[in-house]
Every structure is written in C-alpha cells, then in structure tokens.
Amino acid sequence: MPALNRPALNELEKGQEIGRRVIDVNRVDLVKYAGASGDFNPIHWNEVFAQGVELPGVIAHGMFTMGSAVQLVTDWAGDPGAVVDYQTRFTKPVLVQDTTGTEEPGAQVEVVGVVGALDEEAGTARIDLTVTFDGQRVLMKAQAVVKFSA
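Note that this note's numbering numbers the sequence shown so that position 8 is 8, with each residue one more than the last.
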C-alpha cells in the first residue's frame with residue numbers, strides 16, 4: 001500500500017528532502033532490542049561494564065541505530081518491502097544515559113532523508129540519510145534504495 005504523501009518517481013528531484021525526525025532512545029529500548037536480536041553484550045545495558053572497556057557509558061546497538069534511522073524511509077515509502085537496499089558505515093556510538101523513572105529520553109538521534117539519486121530506468125530513488133547524535137554523525141553513507149512500482 002503506497003503512502004498517501006509519497007510522490008511518484010517522476011515527481012522527485014535530487015536534493016529534495018523526504019522528511020526528518022528525532023528518535024528518542026531509552027535504556028529499555030536497548031534491552032528490548034537485545035531480546036529481539038539476541039545481542040546481550042553488556043556494553044548495551046551495563047554502565048559499569050561499558051566504562052570498564054573504555055566506553056563513555058552504555059551505547060546503543062549499531063543495528064538498532066541503523067534500523068531506527070531507516071524507519072523514516074519505510075514510512076515515506078509506505079511499504080518496507082519497497083526498500084530494496086540499505087547500507088551504511090558506523091562512525092560514532094550513540095551514548096544512552098540512564099533516565100529510568102523519568103520522562104526524559106536517554107538519547108536523541110536526528111534523521112534527515114534527502115533524495116540522493118534517481119534511476120528512472122530501474123524505477124528507483126536513492127535516499128541519503130543524515131543521522132546524528134549530539135551534533136555528530138553516527139552513520140556515514142547511510143543510503144537506502146527505494147523501488148517504485150510501475
């Protein structure tokens with residue numbers, strides 16, 4: 001089912017913004033992700049352990065960050081299956097403070113999506129994501145390819 005606000009491929013322009021959002025991340029999100037992914041590395045939930053391996057504190061799973069960021073594209077596309085390729089490089093960790101018992105997020109990740117390239121012959125658009133935490137890019141060359149139906 002296509003999203004109501006998603007334009008047709010021929011209506012897109014390189015450099016056009018598709019959307020932006022702020023993702024609130026809490027330690028409970030990391031514990032839930034650990035259960036879903038099977039990645040129970042203590043750097044993602046134990047402050048003492050994380051600092052013991054010379055991290056500044058608990059950090060989000062890289063794949064959690066990557067998956068959360070691409071949600072902007074899947075929501076815009078209206079169909080997660082329309083994303084036929086997604087790649088990135090991890091550059092900096094997302095430090096998640098312990099805010100248990102408060103309404104505050106432990107971290108906020110900002111995501112902006114922009115049309116990076118159009119391939120009319122293939123019927124695809126490459127969406128470039130800028131993903132930042134605390135003013136620094138945490139994913140580099142984050143690119144998702146969206147296939148448009150004919």
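For each residue, glycine too, the CB sits at the ideal point set by N, CA and C.
Everything numeric in this text was worked out from a predicted model, so none of it was measured.
Per DSSP, the unbroken alpha helix (DSSP H) holding Leu-30 starts and ends at 27-37. Contact between Glu-13 and Val-112 is ruled out by a C-beta separation of about 16 Å, above the 8 Å threshold. With contacts defined by Cβ atoms closer than 7 Å, Thr-130 and Lys-147 do not form a contacting pair. In the DSSP assignment, Glu-110 falls within the beta strand (DSSP E) that extends over 107-119.
Counting the other CB atoms within 10 Å of its CB gives Phe-64 a total of 16 or more, which places it among the buried residues. DSSP links Ile-127 through a beta bridge to Val-115, Ala-144. A direct Cα-Cα distance of roughly 8 Å separates Ile-59 from Ala-50.
In the DSSP assignment, Gln-51 falls within the unbroken alpha helix (DSSP H) covering 47-52. When DSSP states are grouped into helix, strand and coil, Thr-91 belongs to the coil group.
Thr-88 and Leu-72 have their alpha carbons spaced roughly 15 Å apart. Put simply, of Leu-55, Ala-122, Ala-69 the residue whose alpha carbon is nearest the alpha carbon of Arg-21 is Ala-69. Distance from the CA of Ala-117 to the CA of Val-48, rounded to the nearest whole angstrom, comes to 44 Å. A distance below 7 Å separates the beta carbons of Val-96 and Ala-107.
The three-state reading of DSSP puts Val-58 in coil, since its state is none of H, G, I, E or B.
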